[in-house]
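Structure first, then comments.
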Amino acid sequence: MSDDVQQTIFGIIAKEAGIDPSKVTMDSTLKDLEIPSLDAIQIIFEIEDHYKIQMPDRDPNFDTESVRGLVETVQKLLAEKAANPPPSTPSSAPPAA
Numbered sequence: 000m001s002d003d004v005q006q007t008i009f010g011i012i013a014k015e016a017g018i019d020p021s022k023v024t025m026d027s028t029l030k031d032l033e034i035p036s037l038d039a040i041q042i043i044f045e046i047e048d049h050y051k052i053q054m055p056d057r058d059p060n061f062d063t064e065s066v067r068g069l070v071e072t073v074q075k076l077l078a079e080k081a082a083n084p085p086p087s088t089p090s091s092a093p094p095a096a
């Protein structure tokens with residue numbers, strides 16, 4: 000799964016920043032890739048939308064500056080989501096009398 004997550008995030012970064020995907024590496028920072036802050040925000044929105052997750056907001060442990068930080072955060076959130084699936088919604092059938 001981690002390679003899929005990594006490649007998907009690389010693709011999102013490249014698409015949103017309009018850069019060659021080969022320039023994106025785990026050791027890149029968004030600054031290294033010359034990605035303006037507004038584009039960085041859009042990248043985070045795209046990642047959240049793609050994976051149906053919510054990235055931490057203003058969390059000092061959340062690294063939004065590096066590609067590695069984004070990949071690791073998504074992997075962590077996906078693992079938590081898999082371990083704690085949302086409760087199933089009850090059917091709309093009326094209760095038995």
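In numbering that gives the first Met the number 0, the protein residues as written are 0 to 96.
Virtual Cβ for every residue (Gly too), placed ideally from N, Cα, C.
These figures come from a predicted structure and were not determined experimentally.
{"Check": "Anyone know if the C-beta pair for residue 40 and residue 54 falls short of 8 Å?", "Outcome": "no"}
{"Check": "Which value, in whole angstroms, describes the spacing of the CA atoms of residue 15 and residue 59?", "Outcome": "25 Å"}
{"Check": "Between the beta-carbon of residue 64 and the beta-carbon of residue 29, is there less than 8 Å?", "Outcome": "yes"}
{"Check": "Quick check for students: name the residue ranges of the alpha helix (DSSP H) that lie wholly in the segment 59–86, counting only runs of 4 or more.", "Outcome": "66–82"}
{"Check": "What did DSSP end up calling residue 24 once you bin it into helix, strand or coil?", "Outcome": "coil"}
{"Check": "Nearest to residue 9 by CA position, among 23, 17 and 18, is which residue?", "Outcome": "23"}
{"Check": "State the Cα-Cα distance for the pair residue 66 and residue 86, rounded to the nearest angstrom.", "Outcome": "32 Å"}
{"Check": "Where do the ends of the alpha helix (DSSP H) carrying residue 38 lie?", "Outcome": "36–50"}
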